[in-house]
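K.L.:
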Amino acid sequence: MIGSFKQLKKDEEEGGGNPYYSADKTSVLQEARVFNETPVNVKRSTHVLTKILYLLNQGEVLATKEATDAFFAMTKLFQSNDLVLRRLVYLGIKELCNIAEDTIIVTSSLTKDMTGREDQYRAPAIRALCRITDATMMQSIERYMKQAIVDRTPGVSSAALVSCRHIMTQSPEVVKRWVSEVQEALSSDNVMVQFHALGVLHQIRKSDKLAVTKMITKLTTSGLRSPYAICFLIRVVAQLIEEDEVASDSRLFDFLESMLRHKAEMVIYEAANAIVTLKKSSSRELVSGISVLQLFLSSPKPTLRFAAVRTLGKVAMYQPSAVAACNLDLETLLQDVNRSIATLAITTLLKTGTEGSVDRLMKSISNFLNDISDEFKVFVVEALRSLALKYPRKQAVLMSQLADMLRSEGGLAYKEAIASTIITIIEDNPEAKEKGLDHLCEFIEDCEHTRLAVRILHLLGREGPKTRHPSQYIRFIYNRVILENAAVRAAAVSVLAKFGAQCEKLLDNILVLLKRSMLDTEDEVRDRATYYYAILSSGDSQLIHKYILNPPMFSLSSLERALIQYLQSDTSLPFDTRTVPSAPPPQEEKAPSTLNN
């Protein structure tokens, strides 16, 4: 027995795989017949019910009849007193109650468990019962709910209070009648009961600002024992300050500052976070909050360091000077063993650092960039973009760093963020144009992402002909015609045409390359090459400008309808493009960063 347990433990540590990965809905529902056995087969029933819950949580959809059959079979398991199986039954009821029909039949069984002596059954029974009871039947369990809210067992009281929050969405008037019981629960010695009671009380009164204000005034003076409840109270106070536009010397601000001296670290952090994120915080209040966060930067606990540096990163976006006092502590975090903390530290430093610290920060980035995920890498790139726009004289150093990052391993989102940053620098600083184009040209030689390669080619077609030596880019562009897929080849042919239209010295060579492209295996590439070759060969500057340098932007759906109508009518006359409405140029969508949220 001990040997088999050791083997199972070893398999678990080695990542033996998910035992339910291959579970099939049809076979699992057939296995559910075991629920009908008498006496209850606890071991098999537990295994099958676990499979059903796994499938539901993986997004498997049960038909109404399937859910109803499984639900009624599952209710027969109430005959067993096995604790694990009974708790699985409660979970199954909550999962299936919105799909199955006539689920109200288990109300009596749940009410019996809810009012019984077994505390292990009572709490989950309350949560399950409140899920299946609708507004019309709420009065039948109201007496039991009132008793459960003030129950001496913390688990039962918390379950009733949490269920109240769900009941509020359907029957708010019913819950409002339980205010006296909720207030009694608010004076509980249990930290979770007090937290849940405050949440329910606030939900009941949140539509009445005067009632919320009175509740806050009473609680800030009398005090709460639960650190979770105090954190919730701090959030409500901060929201009230923002909405009411109270003065910075009010009692509510004094309460937030007093919480900076609380014994619980989570309360101290919540108060500091509330102070530094308030839009109306004065310089004095901002400094007090940042000072506390600065102390957390040197905490031995990774969670506190992460929370502090993340909050400081948010503040640095609109108050970089206030966060600059923490720069020395932030630089220490660059060597943190937790790479997430180091990444947030470097991005915060990039927002608050001076021009003279850029070179040192670039070396720090290179040291740990390979150890973090692409999501954090994108975060670093966004910070580099802001720094490049802030200090134009450091754009060469930053672009060199970005070019190294572009050649490293990474996904499409990461590479797109780097390319976008280089393009931003090129557009912001004409002197950096040629260097930036060189970096991008080297990148597309090994670029595996079609969309990104097409975007860079489009940039080359727009900016390349305006450089001092446009001929140096032709090799990179024509390599795409030879080596890449059809979409990239077609884009490269269009870019060659733009060079030929704007660089008279290169026109003959461009015509030769376009003529070769007419032999391409892809229709789109051949058609584009033929089209551009004909226009450039005409030598008509007006025609070249109209159809290559400034091509018409048609609405594709409208163009399709117009062509169908043309083909169905007299085609002896040429197709008139003036009948097709124009479409605005496509706008590039910038994906918002989620790390600061």
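Under my numbering, the first residue of the sequence shown is numbered 136, with each subsequent residue one higher. For glycine and all other residues, C-beta sits at the position ideal for the given N, C-alpha and C.
(1) Can you grab the Cα-Cα spacing for the pair Ser162 / Leu190, in whole Å?
(2) Within its chain, find whatever has a CB closer than 8 Å to the CB of Met272; leave out the 5 residues flanking it on each side and keep chain order.
(3) Quick one: using the 10 Å Cβ neighbour count with 16 as the cut-off for buried, is Phe511 buried or exposed?
(4) Which one of Tyr666, Gln305, Tyr279, Glu236 has the shortest CA to CA distance from Asp248?
(5) Tell me, please, which residues DSSP counts as bridged to Phe689.
(6) How should Pro307 be labelled, buried or exposed, when 16 other C-beta atoms within 10 angstroms of its C-beta is the threshold for buried?
(7) If you follow the alpha helix (DSSP H) that Cys366 is in, where does it begin and where does it stop?
(8) For Ala283, which residues in the same chain have their Cβ closer than 8 Å to its Cβ, ignoring the five residues on either side in sequence?
(9) Compare the beta carbon distance of Val372 and Leu359 with 8 Å and say whether it is the shorter of the two.
(10) Between which two residues does the alpha helix (DSSP H) harbouring Pro527 extend?
(11) Between which two residues does the alpha helix (DSSP H) containing Gln193 stretch?
(12) For the 8 Å Cβ check, are there 3 or more pairs between the region 516-534 and the region 489-498?
(13) For Ser433 and Ala477, what's the separation of their Cα atoms in angstroms?
(14) Using the C-alpha atoms, what's the distance from Thr656 back to Ile617?
(15) Which of the three DSSP states is assigned to Val660 in this structure?
(16) Judging by CA-CA distance, which residue of Ala636, Leu631, Cys461 is the nearest neighbour of Val660?
(17) Assuming Leu641 and Tyr668 form a contact by the criterion Cβ under 8 Å, report the distance between their Cβ atoms to the nearest whole angstrom.
(18) List the whole-angstrom C-beta distance separating Thr181 from Leu223, where the pair is believed to meet the contact cut-off of C-beta under 8 Å.
(19) Sort Pro527, Ala480, Lys349, Ala399 by Cα distance to Gly491 and report the nearest one.
(20) Quick check on the DSSP output: the alpha helix (DSSP H) that includes Pro565 runs from which residue to which?
(21) Should Ser606 be labelled buried (16 or more other beta-carbon atoms within 10 Å of its own) or exposed?
(22) Taking all protein chains shown into account, do 16 or more other C-beta atoms lie within 10 angstroms of the C-beta of Asn233, making it buried, or fewer, making it exposed?
(23) Consult DSSP for Lys640 and reduce its assignment to one of helix, strand or coil.
(24) Determine the contact status of Leu231 and Phe206, defining contact as a CB-CB distance below 8 Å.
(25) Taking the straight line between their C-alpha atoms, what separation do you get for Phe388 and Val450?
(26) For Asp237 and chain D, any beta-carbon pair shorter than 8 Å?
(27) I need the DSSP call for Cys582, collapsed to helix, strand or coil.
(28) To which residues of the same chain is Val310 closer than 6 Å at the C-beta, ignoring the five residues directly before and after it?
(29) How would you label Thr352, buried or exposed, when you count the other beta carbons within 10 angstroms and need 16 or more for buried?
(30) If we require 3 or more residues per run, which beta strand (DSSP E) segments fall completely within the region 267-345?
(31) Using beta-carbon positions only, say whether Ala235 and Thr268 come within less than 8 Å of one another.
(32) Using only CA atoms, which one of Ala627, Met350, Ile561, Arg474 lies nearest to Arg610?
(33) Shortest alpha-carbon distance to Lys211 belongs to which of Lys229, Leu218, Val175?
(34) In terms of alpha-carbon separation, which member of Arg615, Cys576, Arg586, Glu201 lies closest to Glu598?
(35) So, using beta-carbon positions, are Ala538 and Thr585 closer together than 8 Å?
(36) Going by beta carbon distance, what residues of the same chain come within less than 6 Å of Val715, once the five residues before and after it are set aside?
P.N.:
For this structure:
(1) If you draw a straight line from the Cα of Ser162 to the Cα of Leu190, it comes to about 12 Å.
(2) Excluding sequence neighbours, Met272 sits near Ile239, Thr242.
(3) Buried: at least 16 other Cβ atoms inside 10 Å.
(4) Checked all of Tyr666, Gln305, Tyr279, Glu236; the closest Cα to Asp248 is Tyr279.
(5) Answer is Ser717, bridged to Phe689.
(6) By the 10 Å Cβ count, Pro307 comes out exposed.
(7) Note, Cys366: alpha helix (DSSP H), 362-379.
(8) These residues qualify, in order along the chain: Met249, Arg257, Ile261, Val291, Ser292, Ala294, Ala295.
(9) Cβ distance not < 8 Å, so Val372 and Leu359 don't count as in contact.
(10) Premise fails: Pro527 is in no alpha helix (DSSP H) and is neither H nor E.
(11) In the DSSP assignment, Gln193 falls outside any alpha helix (DSSP H) and carries neither an H nor an E.
(12) Contact between the region 516-534 and the region 489-498 is present, with at least three C-beta pairs closer than 8 Å.
(13) Distance between the alpha carbons of Ser433 and Ala477: 13 Å.
(14) Taking C-alpha positions only, Ile617 is separated from Thr656 by approximately 11 Å.
(15) The DSSP-derived three-state label of Val660 is helix.
(16) If we check each option's Cα against that of Val660, Leu631 comes out closest.
(17) Their Cβ separation, rounded to whole angstroms, is 14 Å, which puts Leu641 and Tyr668 out of contact at 8 Å.
(18) Between Thr181 and Leu223 a beta carbon distance of about 6 Å is seen, short of the 8 Å cut, so the two are scored as contacting.
(19) Selected option, being the one with the closest Cα: Pro527.
(20) The continuous stretches of alpha helix (DSSP H) do not include Pro565, and DSSP gives it neither H nor E.
(21) Under this definition Ser606 is an exposed residue.
(22) So Asn233 ends up on the exposed side.
(23) Of the three classes helix, strand and coil, the one that applies to Lys640 here is helix, per DSSP.
(24) Leu231 places its beta carbon less than 8 Å from that of Phe206.
(25) Roughly 19 Å separates the two Cα atoms.
(26) This model lacks chain D altogether, as it is built from one protein chain only.
(27) When secondary structure is reduced to three states using DSSP, Cys582 falls in the coil class, being assigned neither helix nor strand.
(28) Result list for Val310: Cys299, Ile302, Met303, in chain order.
(29) With fewer than 16 other Cβ atoms within 10 Å, it is exposed.
(30) Runs found: none.
(31) No; because the gap between Cβ atoms is not below 8 Å, this pair is not in contact.
(32) Distances from the alpha-carbon of Arg610 to those of Ala627, Met350, Ile561, Arg474 put Ala627 closest.
(33) Ranking Lys229, Leu218, Val175 by Cα distance to Lys211 puts Val175 first.
(34) Minimum Cα distance to Glu598 is reached at Cys576.
(35) No, the pair does not count as a contact, with Cβ atoms beyond the cut-off.
(36) Excluding residues within five positions, the ones whose Cβ falls inside 6 Å are Phe689, Ser693, Leu694, Ala697.
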